[in-house]
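Presented below is the structure to which this report refers.
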Amino acid sequence: MADSTAAAGLTVQQWDDQFWVEYQGNHPFKPYMGTSEQSIIQINEQLGGKKGDAVTFALLNRLTNAAVTGTNTLEGNEEAMTSRSYVLNVDKSRNAVRVADMEEQRSSFSLRNAARPNLMEWAKNYDTDRVIAALQSINGVAYGAASEANKDAWLVDNADRCLFGSAVANNSGNDHSASLLNVDPAADTLDTGILSLMKRMALTADPKIRPVRMGGMNRRYYIAFVHPLAMRDLKADTTLTQAQREVQITAQNEKLFQGGDVDFDGILVHEVDDMPILSGVGNAGSDVSPVFLCGAQALGHARVRRWKSVTEKFDYGDKHGVAVETIDGIEKLTFGTGAGDTDDLKDNGVVTGFVSTTADA
Numbered sequence: 024m025a026d027s028t029a030a031a032g033l034t035v036q037q038w039d040d041q042f043w044v045e046y047q048g049n050h051p052f053k054p055y056m057g058t059s060e061q062s063i064i065q066i067n068e069q070l071g072g073k074k075g076d077a078v079t080f081a082l083l084n085r086l087t088n089a090a091v092t093g094t095n096t097l098e099g100n101e102e103a104m105t106s107r108s109y110v111l112n113v114d115k116s117r118n119a120v121r122v123a124d125m126e127e128q129r130s131s132f133s134l135r136n137a138a139r140p141n142l143m144e145w146a147k148n149y150d151t152d153r154v155i156a157a158l159q160s161i162n163g164v165a166y167g168a169a170s171e172a173n174k175d176a177w178l179v180d181n182a183d184r185c186l187f188g189s190a191v192a193n194n195s196g197n198d199h200s201a202s203l204l205n206v207d208p209a210a211d212t213l214d215t216g217i218l219s220l221m222k223r224m225a226l227t228a229d230p231k232i233r234p235v236r237m238g239g240m241n242r243r244y245y246i247a248f249v250h251p252l253a254m255r256d257l258k259a260d261t262t263l264t265q266a267q268r269e270v271q272i273t274a275q276n277e278k279l280f281q282g283g284d285v286d287f288d289g290i291l292v293h294e295v296d297d298m299p300i301l302s303g304v305g306n307a308g309s310d311v312s313p314v315f316l317c318g319a320q321a322l323g324h325a326r327v328r329r330w331k332s333v334t335e336k337f338d339y340g341d342k343h344g345v346a347v348e349t350i351d352g353i354e355k356l357t358f359g360t361g362a363g364d365t366d367d368l369k370d371n372g373v374v375t376g377f378v379s380t381t382a383d384a
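Each residue of the sequence shown is one higher than the one before, starting from 24 at the first, in the numbering used here.
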């Protein structure tokens with residue numbers, strides 16, 4: 024009697040499927056990703072199986088016309104939808120590990136299984152870093168590579184969605200570096216006042232930043248991504264302490280929160296380990312960290328090919344390698360406010376705040 028065995032191709036596909044499931048389960052930004060225009064990180068897979076290296080995201084502003092009532096004529100009074108587009112480029116990303124033949128011989132697991140934890144951790148960290156870099160970017164340029172002129176021009180267009188410390192007045196004439204110098208260690212650590220101000224800025228920006236519904240709830244939320252030191256300062260705010268007592272039962276019932284999340288004033292504050300620290304740019308050479316309060320379509324994730332594995336042999340078959348690769352792109356979505364489609368860019372779904380942070384003693 025012959026035993027049935029799975030075809031090699033099917034085994035690889037099963038491994039890739041399992042890798043993908045585990046990858047998604049471990050992705051720190053997974054709760055905020057989705058395919059609809061209501062998602063904070065909107066996934067677009069329109070290039071799946073097609074040729075091309077760019078995906079276009081459509082950004083629609085909300086309708087503002089007054090209603091046509093009674094017997095008044097609607098025909099001819101329709102409201103024109105204001106739309107803009109954002110083109111997001113994709114590229115291949117990959118990494119690999121190599122194992123000698125004798126190491127593979129000693130292992131009781133297949134090469135793919137032995138490599139999976141390391142490759143999984145790398146893929147997760149790689150995508151996390153890209154999300155953070157996208158949030159911090161200046162009109163598509165990495166923050167660290169952007170010139171002061173780039174940052175000033177960005178601030179001119181995004182003044183209604185950028186906060187330095189605890190006061191709108193800390194914006195010094197849309198001069199980015201001068202505004203950062205107004206962030207003071209004594210007055211501008213993250214607290215509930217700063218969060219509520221950022222929310223009001225999101226709601227009153229032109230156009231406004233749309234909140235999202237989380238976990239199938241009727242309540243609408245913004246999500247704020249913060250550094251652990253900023254979260255430490257927030258949790259020391261007595262206003263938050265009282266608010267946490269009031270929402271504790273709700274949080275347990277709805278199973279909404281991830282580890283370390285804080286709920287306040289319609290904002291879910293999520294701690295992100297690798298959020299950057301801007302060293303010495305604040306008042307008296309103090310450190311500053313960004314806070315990203317996000318609404319719908321803050322970022323775009325163009326996905327052409329999900330993570331998959333490839334194996335290779337080297338050195339006359341003595342070395343065995345396994346790689347994972349993807350074709351995608353992650354960027355902050357921006358829209359033009361000038362005459363042209365992409366003139367005078369604004370961040371579509373993000374209010375960027377800068378707060379003072381001091382390292383633990």
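Where a beta carbon is used, it is the ideal one built from N, C-alpha and C, also for glycine.
Whole-Å CB distance - residue i paired with residue j, under 8 Å assumed
i: V378; j: V206; result: 7 Å
i: G323; j: Q65; result: 5 Å
i: V292; j: A247; result: 5 Å
i: R117; j: E348; result: 4 Å
i: N194; j: A210; result: In fact, because the Cβ distance is near 15 Å, the residues do not count as touching under 8 Å.
i: P313; j: T375; result: 6 Å
i: G305; j: L213; result: Not confirmed; about 13 Å, so no contact.
i: F52; j: V164; result: About 22 Å; that fails the 8 Å criterion.
Top-ranked residue by Cα proximity to residue i, from the options
i: Y339; options: T79, A123 and G93; result: A123
i: D198; options: V179, R184 and A210; result: V179
i: A319; options: Y245, D39, T92 and G376; result: Y245
i: D383; options: D256, V373 and D288; result: D256
i: F337; options: N371, S59 and V120; result: V120
i: A307; options: P230, T381, D284 and A253; result: T381
i: T79; options: T87, V113, R153 and A90; result: V113
i: T357; options: A346, V373 and H343; result: V373
i: A156; options: A146, A168 and V311; result: A168
i: A253; options: S59, D297 and N162; result: D297
i: A325; options: D351, P251, K115 and L226; result: D351
i: Q7; options: D288, R236, E144 and V327; result: The structure shown does not extend to residue 7, since the chain is modelled only from 24 to 384, so the question has no answer here.
i: R328; options: I63, Q69 and T264; result: Q69
i: T87; options: K231, T94, R223 and A172; result: K231
i: H250; options: L263, D284 and L226; result: D284
i: L142; options: V333, G289, D341 and Y166; result: V333
i: E171; options: Y149, A201 and A81; result: A201
Start-to-end residues for the alpha helix (DSSP H) that takes in residue i
i: N181; result: E171 to N181
i: R223; result: T215 to T227
i: A201; result: H199 to L203
Endpoints, the beta strand (DSSP E) within which residue i is located
i: P313; result: D310 to C317
i: K331; result: L322 to F337
i: S116; result: D114 to A123
i: L291; result: I290 to E294
i: R255; result: Counting along the chain, R255 falls outside any beta strand (DSSP E), though it belongs to the alpha helix (DSSP H) covering P251 to K258.
i: F287; result: V285 to F287
i: A346; result: K342 to K355
i: D370; result: L368 to D370
i: Q69; result: Segment: none, Q69 is in no beta strand (DSSP E) and carries neither H nor E.
i: L186; result: C185 to F187
i: F377; result: V373 to T380
With 16 other Cβ atoms within 10 Å as the buried cut-off, status of residue i
i: F315; result: buried
i: P234; result: buried
i: E335; result: exposed
i: Q159; result: buried
i: R184; result: buried
i: K74; result: exposed
i: N49; result: exposed
i: S131; result: Confidence is the limiting factor: at S131 the pLDDT is only 45, short of 50, which leaves the residue's position unreliable, though a coordinate-based value still follows. Exposed, by the Cβ-count rule.
i: S108; result: exposed
i: Q37; result: exposed
i: T58; result: exposed
i: N242; result: According to the sequence provided, residue 242 is Arg. The question's Asn does not apply to it. Label assigned to R242: exposed.
i: V345; result: buried
i: E354; result: buried
i: K369; result: buried
i: T215; result: buried
i: D366; result: exposed
i: A146; result: buried
Is the region 189-197 close to the region 344-362, with three or more CB pairs under 8 Å? Output reads no: the region 344-362 does not touch the region 189-197.
Check whether the region 85-102 touches the region 137-153, taking contact to mean three or more Cβ pairs, one atom from each stretch, closer than 8 Å. Fewer than three Cβ pairs drawn from the region 85-102 and the region 137-153 lie within less than 8 Å of each other, which leaves the two stretches out of contact.
Any contact of the region 215-232 with the region 159-178, i.e. 3+ C-beta pairs under 8 Å? For the pair of segments examined, the region 215-232 was found not to touch the region 159-178: the number of CB pairs separated by less than 8 Å stays below three.
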